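**Student:**
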Amino acid sequence: MNTILEAKNINKFFHDPETIQVLENINFSINKGEFVSLTGKSGCGKSTLLYVLSTMDTDYEGSLFIDGIEMPKKNEAFLAKIRNEKIGFVFQFHYLLNEFNVLKNVMLPGLKLNKYSADEVEHRAMEKLKILGIEHLALKQANHVSGGEKQRVAIARALINDPHIIMGDEPTGNLDKKNSDLVFDIFNQLSDEFNQTLLIVTHDPSFAERTHRIIKMEDGKIIS
Amino acid sequence: MRKRLLLNIAKSLLLARWRQTLVAAVGVTFSITMFITLLSFMSGLNDLLDGLILNRTAHVRIYNDIKPNADQPINKSSINANGHNFIGSVKSDANRQAIYNSEAIMKAIKNDPRVLGLSPKLTAQVFFNDGSIDITGSIFGINPSEETKLYHFDEYITTGNSADLTKINNSIILGKGLADKLLVQIGDAVQITTSKGDLFQLKVVGTFQSGIKDFDNVQSYASLNTVQKILSVPNDYVTSIQVKLKDITQAPAVAKEYQQLYQTDAEDIQTANSQFETGSSIRTLISYSVGITLLIVAGFGIYNILNMMIFEKMDSIAILKATGFSGTDVKKIFIYIAVTIGIFGGLLGLLFGFGLSAIIDQIPFNTASLPTIKTYPIVYNPRFYFIGIIFSFITTYFAGWFPARKASKIDPVVIIRGK
C-alpha cells in the first residue's frame with residue numbers, strides 16, 4: 023500500500039493571547055484508497071490539524087509528506103501548486119464563486135492546473151457533474167442552486183484534477199439528514215468505485231462510524 | 004492560457020460589480036478629460052501669448068548699439084603698456100547707427116543655411132503734427148512683403164493693405180491708437196516733422212493693431228525707401244537687420260557668431276524676451292500639476308473601490324487560494340481589474356478630452372487687442388494624449404497594487420474557519 027499522506031511529529035502552538043499547544047506530537051499516515059474520518063469534540067484541534075495537513079496553514083513544527091514529498095513551509099507558490107494538483111477541498115460552507123456558473127466553478131482549478139485544454143477541462147467537469155447527478159445544473163449561476171446541490175458542486179470541483187486526496191472540513195455539518203446521507207453516499211461511492219482517498223473531519227458519530235477508519239482526537243492528541 | 008484564465012476571472016469580478024466599476028472608470032475618464040482639455044487649452048493660450056511677441060520678433064537682431072567704444076585710443080598706444088589706464092568722462096560713440104556694408108552682410112546672411120529669411124529695418128523718430136499738437140512717434144521702415152512672410156505683419160493690419168506701402172509713394176500705416184489721436188482715416192494725409200526739422204506729408208493707407216496698446220499709440224510703418232527719404236540717407240542705410248532662423252534654439256549661438264563676424268551688435272530672442280519663456284514654462288507646469296492631481300484623486304477612488312471589493316470578495320479569494328491559486332495569481336487578478344478600469348476610463352477620457360477641446364475651440368473669443376483671434380485657442384498635440392493614457396495606466400496600476408497586495412496576503416484558513 024502506498025502512503026498518500028504522512029504526518030511526523032507535528033506540533034502547533036497558538037500564541038495569542040497566550041501560548042497554548044493545540045497539536046501535540048501528531049503521527050499518522052493515510053494510504054491510498056482509505057476513507058478516513060477525523061473526529062473529536064469541538065476545540066480538540068481536528069480542524070486545525072486538517073488545515074496543517076492541507077498545506078494552507080504553515081505555522082507548525084514537524085514534517086508533513088504528501089505523496090512522499092516533504093512540504094516546505096515558506097514556498098507559497100509551490101504549496102498552491104500542490105493544493106491545486108493533489109488536494110481537493112470540501113468545506114462546511116460550500117464556498118462557490120457566485121460570479122461564475124456551476125460549470126465554470128468546477129472548471130476553475132482545472133484551468134489553473136493547465137494540464138488539459140479548456141475544452142477537455144469542460145468535458146471532464148461535465149463528467150464529474152454526471153457522477154454526482156447534477157449535470158442539469160451546469161449552466162446555472164452558483165448562487166441559484168440549493169445548499170445540498172452547492173455541496174455536490176463543491177465535491178465535483180474537488181475532483182476535477184483527480185486529486186490524491188480529498189479533504190473535507192465538516193462537509194455535512196451544514197446540511198439536513200437527507201443531504202448529509204447523499205453526500206456520504208457520494209464519498210462512499212468515490213472510495214469504492216474510484217479508489218479515492220478521503221480525509222473527512224466530522225463531529226457527526228453516525229457519519230464517522232460508516233467510514234473505513236476513524237482517527238479520534240482529544241486535546242490536541244490522537245487517542246485512537 | 005494561465006494569463007487568460009486570470010483575465011477571465013478579473014473580468015467576471017469586474018462585471019459582477021459593474022456599478023462600482025463604472026463609478027471608478029468615470030473618475031478616471033473625468034480626470035483624463037480634464038487633463039487633456041486643460042493642457043490643450045493652456046498650450047493654445049501659451050502659443051497665443053508667445054505669438055504676440057515671439058512671432059513678431061526677430062530671432063537674431065543685428066544693430067549698432069549706442070555705447071562707449073571698447074578700444075579707447077590710450078589703450079592702443081605704447082605709453083604705459085604694462086599698466087592700467089584710468090579714463091574719465093568716457094562718452095558713448097554713436098555717430099553712426101547704420102550698419103556698415105549692410106548690403107553685403109544681408110547677402111551673406113541670406114546664404115546661411117540656418118537662416119529662414121531676413122528683413123532690414125530702419126527706425127525714424129518723428130513728430131506727428133496735428134494742428135498745434137505734436138505727438139512723438141516712430142516710423143519703422145520695412146519691406147512689407149518680407150515682413151509679412153516672416154513676422155505675420157499682415158495679421159495685424161486691421162484696415163487697409165500692407166502691399167500699398169510699396170505701391171503708393173510716401174504712404175504710411177498707423178497704429179490704431181495713433182490714428183485715433185490724429186483723427187485720420189485711409190486716404191487722409193498726416194504731416195510729420197523729423198528730428199532734424201524737415202517736414203513731410205504722408206498718405207495713410209492702413210491702420211494696425213498689434214495687441215499691445217502702447218505700441219499702437221506711437222508706432223507706424225512705412226516702406227524702407229520712404230523712411231530713407233524722410234531721413235535723407237542713401238538707400239543702403241538700415242539700422243537693423245531682423246533675421247529669422249529655422250531653429251529658434253540656435254539663436255544665441257548665431258547671434259554670437261554674427262557679432263564677431265560683422266563687427267556689430269547682435270541680440271538673440273532668448274535674451275531679449277526671457278520673461279516669455281519663463282511665463283510659458285510656468286503655465287505648462289501648472290497645467291501638468293493640476294492634471295496629475297486630478298489623476299491621483301481618481302487613483303484614490305480606484306483604491307477605495309478595490310479595497311471594498313476585496314473586503315466583499317474575501318470568501319472568493321480564500322476559495323481561489325484553497326483550490327490552488329497562489330498569492331501572485333490573486334494579486335495579478337486585482338491588478339488586472341485596476342488597469343482595465345484605468346485603460347478603458349483613460350481611452351474614454353481621451354475621446355471626451357478631444358471632444359471638449361473641440362467644443363472650446365468653437366467658442367467665440369473676441370478681444371480688441373487680438374484682431375486675428377476669433378475663438379479660444381486650442382492646441383491638438385498627440386503628446387498630451389500619449390501622456391494622458393500613460394498616466395492613467397500608471398496611476399491605476401499603483402492604485403490597484405496596494406489592494407492587490409492585501410488580497411494576496413489574505414490567509415484562507417482565517418476566512419474559511421472564521422465562518
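These protein sequence lines map, in sequence, to chains Z and U. Quick note: to get my numbering, add 22 to the position in the first sequence (first position is 1). Quick note: to get my numbering, add 3 to the position in the second sequence (first position is 1). Heads up, the beta-carbon is just placed ideally off N, CA and C, and yes, glycines get one too. None of these values were measured; they are calculated from a predicted model.
Identify the residues that DSSP records as bridge partners of residue 123 of chain U: which are they?
**Tutor:** U:244
**Student:** Which word fits residue 192 of chain Z, buried or exposed, when buried means at least 16 other C-beta atoms lie within 10 angstroms of its C-beta?
**Tutor:** buried
**Student:** If contact means a Cβ-Cβ distance below 9 Å, which residues of the segment 320 to 336 of chain U contact chain Z?
**Tutor:** 321, 322, 323, 324, 325, 326, 327, 328, 329, 330, 331, 332
**Student:** Are residue 194 of chain Z and residue 241 of chain Z closer than 8 Å when you measure CB to CB?
**Tutor:** no
**Student:** Are any of the Cβ atoms in chain U nearer than 8 Å to that of residue 79 of chain Z?
**Tutor:** With its beta carbon less than 8 Å from one in chain U, residue 79 of chain Z belongs to the interface.
**Student:** Between which two residues does the beta strand (DSSP E) carrying residue 201 of chain Z extend?
**Tutor:** Run containing residue 201 of chain Z: none in the beta strand (DSSP E); it sits in the alpha helix (DSSP H), 199 to 216.
**Student:** Which residues mark the beginning and the end of the beta strand (DSSP E) in which residue 178 of chain U is found?
**Tutor:** 174 to 178
**Student:** Establish whether the CB of residue 53 of chain U and some CB of chain Z are separated by less than 8 Å.
**Tutor:** no
**Student:** Any beta carbon of chain Z sitting closer than 8 Å to that of residue 13 of chain U?
**Tutor:** no
**Student:** So, is the C-beta of residue 255 of chain U closer than 8 Å to a C-beta in chain Z?
**Tutor:** no
**Student:** Using Cβ-Cβ distances below 7 Å, what residues of the segment 391 to 420 of chain U are close to chain Z?
**Tutor:** Against chain Z - using a Cβ distance shorter than 7 Å - the residues of the segment 391 to 420 of chain U are 415, 416, 419, 420.
**Student:** Quick one: list the residues of chain U neighbouring residue 216 of chain Z, beta-carbon separation under 8 Å, in chain order.
**Tutor:** Listed along chain U is no residue with a C-beta nearer than 8 Å to that of residue 216 of chain Z; the closest approach is about 20 Å.
**Student:** Which ranges would you report for the alpha helix (DSSP H) in the segment 252 to 305 of chain U if only whole runs of at least 4 residues count?
**Tutor:** 254 to 265, 272 to 275
**Student:** Leaving out five residues on either side along the sequence, give the residues of the same chain with a beta carbon under 7 Å from the beta carbon of residue 115 of chain U.
**Tutor:** So no residue of the chain qualifies.
**Student:** For a quick check, are the C-beta atoms of residue 27 of chain Z and residue 75 of chain Z less than 8 Å apart?
**Tutor:** yes
**Student:** Quick check on residue 278 of chain Z - is its C-beta less than 8 Å from some C-beta in chain U?
**Tutor:** Past the boundaries of the shown model lies residue 278 of chain Z; chain Z is included only from 23 to 246, so the question cannot be answered.
**Student:** Assign residue 155 of chain Z to one of three DSSP states: helix, strand, or coil.
**Tutor:** In this structure, residue 155 of chain Z counts as coil in the three-state DSSP scheme.
**Student:** Output needed for residue 88 of chain U: all residues of its chain with C-beta closer than 8 Å, excluding positions within five of it in sequence on either side, in chain order.
**Tutor:** 75, 77, 78
**Student:** Label residue 127 of chain Z either buried or exposed according to how many other C-beta atoms from any shown protein chain fall within 10 Å of its C-beta, with 16 as the threshold for buried.
**Tutor:** buried
**Student:** Looking at residue 191 of chain U and residue 207 of chain U, is the spacing between their C-beta atoms short of 8 Å?
**Tutor:** yes
**Student:** Starting from the Cα of residue 111 of chain U, find the closest Cα among U:367, U:378, U:265 and give me that residue.
**Tutor:** Residue U:265 is the option with its Cα nearest to residue 111 of chain U.
**Student:** Note the first and the last residue of the continuous alpha helix (DSSP H) segment covering residue 169 of chain U.
**Tutor:** 167 to 170
**Student:** What are the residues in the segment 122 to 133 of chain Z lying within 7 Å of chain U by C-beta distance?
**Tutor:** 122, 130, 131, 133
**Student:** Since residue 336 of chain U is in the alpha helix (DSSP H), which residue starts that stretch and which ends it?
**Tutor:** 330 to 365
**Student:** Taking Cβ positions only, does residue 8 of chain U come closer than 8 Å to chain Z?
**Tutor:** yes
**Student:** Please tell me whether residue 22 of chain U has its Cβ less than 8 Å away from any Cβ of chain Z.
**Tutor:** no
**Student:** Once the 5 residues before and after residue 406 of chain U are set aside, which same chain residues still bring their CB inside 7 Å of it?
**Tutor:** 306, 309, 310, 313, 337
**Student:** Examine chain Z for any beta-carbon lying closer than 8 Å to the beta-carbon of residue 16 of chain U, and answer yes or no.
**Tutor:** yes
**Student:** Give every residue of the same chain whose Cβ lies closer than 6 Å to the Cβ of residue 37 of chain U, excluding the five residues on either side of it in the sequence, and list them in chain order.
**Tutor:** 297
**Student:** Run the CB neighbour count on residue 103 of chain U, radius 10 Å, all protein chains shown included, and call it buried at 16 or more, exposed below.
**Tutor:** exposed
**Student:** Is there a C-beta anywhere in chain U that falls below 8 Å from the one on residue 82 of chain Z?
**Tutor:** Among the CB atoms of chain U, none fall inside 8 Å of the CB of residue 82 of chain Z.
**Student:** Could you have a look at residue 43 of chain U and say whether DSSP puts it in helix, strand or coil?
**Tutor:** The answer is helix: DSSP assigns residue 43 of chain U an H, G or I state.
**Student:** List, in order along the chain, the chain U residues whose C-beta lies closer than 7 Å to that of residue 106 of chain Z?
**Tutor:** 326, 327
**Student:** Using DSSP bridges, identify the partner residues of residue 73 of chain Z.
**Tutor:** In the DSSP output, where bridge partners are listed per residue, residue 73 of chain Z has none listed.
**Student:** Please confirm whether residue 341 of chain U has its beta-carbon closer than 8 Å to some beta-carbon of chain B.
**Tutor:** Annotation note: the requested chain B is absent from the structure, which comprises protein chains Z and U.
**Student:** List the residues of chain Z whose Cβ lies closer than 9 Å to the Cβ of residue 5 of chain U, in chain order.
**Tutor:** 133, 134, 136
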